[in-house]
Amino acid sequence: MLPRGVTRIITEKCMENSDSQLFKYLIAGPCAAETEEQVYETARQLHAVSAQLPYPVSFFRAGVWKPRSSSSDFCGAGKKALPWLQRVSRDFGFPICVEVGKPQHVVACLLHGIKCFWIGARTAVNPFAVQEIADAVQDADCTVLVKNPAIPDLRLWLGDVERFEKVGVKQVFAVHRGFAEQHENVLRNAPLWEIPIAFKVNRPDIPLLCDPSHIAGNRQYIKQIAQIAIDYGCNGLMLETHCNPECALSDAQQQLTIAGLTETLQSLIYKVSSNNPDDFLRQQRTLIHHIDTQISQLLAKRITTVEEIARIKRDHNIPLVQPGQWNSVVKNYEQYALPDDEYLEFLHHLLDELHQFSLKRQRRIQQ
Ligand code: PEP
Ligand code: MN
Numbered sequence: 167m168l169p170r171g172v173t174r175i176i177t178e179k180c181m182e183n184s185d186s187q188l189f190k191y192l193i194a195g196p197c198a199a200e201t202e203e204q205v206y207e208t209a210r211q212l213h214a215v216s217a218q219l220p221y222p223v224s225f226f227r228a229g230v231w232k233p234r235s236s237s238s239d240f241c242g243a244g245k246k247a248l249p250w251l252q253r254v255s256r257d258f259g260f261p262i263c264v265e266v267g268k269p270q271h272v273v274a275c276l277l278h279g280i281k282c283f284w285i286g287a288r289t290a291v292n293p294f295a296v297q298e299i300a301d302a303v304q305d306a307d308c309t310v311l312v313k314n315p316a317i318p319d320l321r322l323w324l325g326d327v328e329r330f331e332k333v334g335v336k337q338v339f340a341v342h343r344g345f346a347e348q349h350e351n352v353l354r355n356a357p358l359w360e361i362p363i364a365f366k367v368n369r370p371d372i373p374l375l376c377d378p379s380h381i382a383g384n385r386q387y388i389k390q391i392a393q394i395a396i397d398y399g400c401n402g403l404m405l406e407t408h409c410n411p412e413c414a415l416s417d418a419q420q421q422l423t424i425a426g427l428t429e430t431l432q433s434l435i436y437k438v439s440s441n442n443p444d445d446f447l448r449q450q451r452t453l454i455h456h457i458d459t460q461i462s463q464l465l466a467k468r469i470t471t472v473e474e475i476a477r478i479k480r481d482h483n484i485p486l487v488q489p490g491q492w493n494s495v496v497k498n499y500e501q502y503a504l505p506d507d508e509y510l511e512f513l514h515h516l517l518d519e520l521h522q523f524s525l526k527r528q529r530r531i532q533q
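FYI, this note's numbering numbers position 45 of the sequence shown as 211, with every residue one higher than the one before it.
Spelled out as structure tokens, the structure:
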């Protein structure tokens, strides 16, 4: 969800994003290297569409060691995947980028000529781990992409970036991939746009990329997330791309086909002029669309949850209406309301409708 005030911050940043050169980096490739064929086929298709992409592929990404939440999940092919990536680089000319979580990963990559690493969101929360990786890369002429830590802590993210600068890494990028949230939401990770924007304000010299794949968690939202990121002035995108996403061993729902990637990149609008009201209007409509998507899904989810409650009430002979319950719902909405009377009147009207509809659905279940 977009927190209050963010629309205004993005609006201001959008107005500043008048430099069409701002956007230049594109990172594509699968969530994980699964088999030699899958990696090679993904790269081959990507190479074949190169001329149709609005920007060249800066790096071909693939996770080799995957930091999964459950140890039963696919944890990556491990170092046997490194020669597969070397072959991709040799045959198609893409520089390779791999996630590293410990110094041994760095060493193994360097032995295979891989010199671009990304620090994942789970590693980025741990300064000890980040420092160990920084120490391992210090003598190598390499590029490091630092994803935001999974927890929303701007100072920690800035600090991670500094660790790599301090050991002399010349090319350090930041990657916004959203923030972990416990409650169920439409998006996999909350974008909390104000954090990458604050990062940009603090470090305008560090290229900031956006990873809409991990924010969205589902391909259907990738385009809108990517457009908002471009509108706030991000310098590039990391997009998970797979030759056969449906069969991917990790993050199957969010990976794009090569055709999907091409279509997404072709449909995005990269040039933004602060003087052009059409651009400005389009940016605001993208935001509204993003907000509406969430309102619509949350509303439907609210109704199905109410129906679930109705079943519990029916099965345990609990009365349909309980005193005080609806008042607490209204109070919760009022907490986030705009302060003027007209808005409050509108909100109460809307909530009355919502309440009546909820009761109607509950009565139907009780009968
Ligand atoms: C990834 O890029 O595949 C990945 C694991 O990313 P994150 O650390 O952002 O979850
Ligand atoms: Mn992934």
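Backbone N, C-alpha and C fix where the C-beta goes; we use that ideal spot for every residue, glycine too.
Can the beta-carbon of residue i be found closer than 9 Å to that of residue j?
i: residue 310; j: residue 335; result: yes
i: residue 195; j: residue 406; result: yes
i: residue 301; j: residue 327; result: no
i: residue 403; j: residue 396; result: yes
i: residue 422; j: residue 385; result: yes
i: residue 274; j: residue 232; result: no
i: residue 223; j: residue 265; result: no
i: residue 318; j: residue 345; result: yes
i: residue 400; j: residue 370; result: no
i: residue 261; j: residue 225; result: yes
i: residue 419; j: residue 383; result: yes
i: residue 414; j: residue 200; result: yes
i: residue 375; j: residue 366; result: no
Among the candidates the options, whose CA atom is the shortest distance from the CA of residue i?
i: residue 491; options: 316, 475, 397 and 504; result: 475
i: residue 431; options: 389, 443 and 243; result: 389
i: residue 283; options: 415, 263 and 298; result: 263
i: residue 360; options: 516, 343 and 295; result: 343
i: residue 358; options: 373, 503, 320 and 299; result: 320
i: residue 340; options: 527, 227, 324 and 378; result: 324
i: residue 269; options: 516, 306, 443 and 222; result: 306
i: residue 498; options: 486, 480 and 517; result: 517
i: residue 191; options: 210, 227, 201 and 242; result: 227
i: residue 238; options: 365, 338, 251 and 416; result: 416
i: residue 296; options: 418, 189, 355 and 271; result: 271
i: residue 428; options: 308, 375, 218 and 245; result: 218
i: residue 221; options: 330, 452 and 437; result: 437
i: residue 519; options: 502, 444, 465 and 504; result: 465
i: residue 486; options: 304, 241 and 533; result: 533
i: residue 277; options: 329, 426 and 252; result: 252
i: residue 308; options: 294, 500 and 331; result: 331
Report all residues from its chain with a CB closer than 8 Å to the CB of residue i; omit the five preceding and five following residues, and keep chain order.
i: residue 459; result: 352, 387 and 390
i: residue 527; result: 469, 472, 473 and 476
i: residue 298; result: 268 and 269
i: residue 479; result: 485, 486, 528 and 532
In or out: residue i buried (at least 16 other Cβ within 10 Å) or exposed?
i: residue 483; result: exposed
i: residue 381; result: buried
i: residue 279; result: exposed
i: residue 314; result: buried
i: residue 408; result: buried
i: residue 494; result: exposed
i: residue 489; result: exposed
i: residue 443; result: exposed
i: residue 244; result: exposed
i: residue 392; result: buried
i: residue 507; result: exposed
i: residue 285; result: buried
i: residue 189; result: buried
i: residue 441; result: exposed
i: residue 445; result: buried
i: residue 411; result: buried
i: residue 193; result: buried
i: residue 281; result: buried
i: residue 451; result: exposed
Grab me the residues of residue i's own chain with a C-beta within less than 7 Å of its C-beta, minus the 5 sequence neighbours each way, in chain order.
i: residue 463; result: 352
i: residue 477; result: 531
i: residue 288; result: 233 and 316
i: residue 521; result: 492
i: residue 137; result: Any answer about residue 137 is impossible in this case: the structure gives the chain only from 167 up to 533.
i: residue 503; result: 509, 510 and 513
i: residue 304; result: 333 and 334
With a threshold of 6 Å on Cβ separation, who are the neighbours of residue i within its own chain once the five nearest residues in sequence on each side are excluded?
i: residue 171; result: Bear in mind that the predicted position of residue 171 carries a pLDDT of just 47, short of 50, making it too unreliable to give a figure here.
i: residue 524; result: 472
i: residue 216; result: none
i: residue 213; result: 258
i: residue 529; result: none
i: residue 354; result: 383
i: residue 241; result: 232 and 234
i: residue 348; result: none
For the structure I just gave you, are there three or more beta carbon pairs, one from the segment 198-213 and one from the segment 242-259, closer than 8 Å?
With a cut-off of 8 Å, the segment 242-259 and the segment 198-213 count as touching, because enough Cβ pairs lie within range.
Check whether the segment 504-520 touches the segment 448-459, counting contact only when three or more Cβ pairs, one atom from each stretch, lie closer than 8 Å.
The segment 504-520 and the segment 448-459 do not touch, with fewer than 3 CB-CB distances between them shorter than 8 Å.
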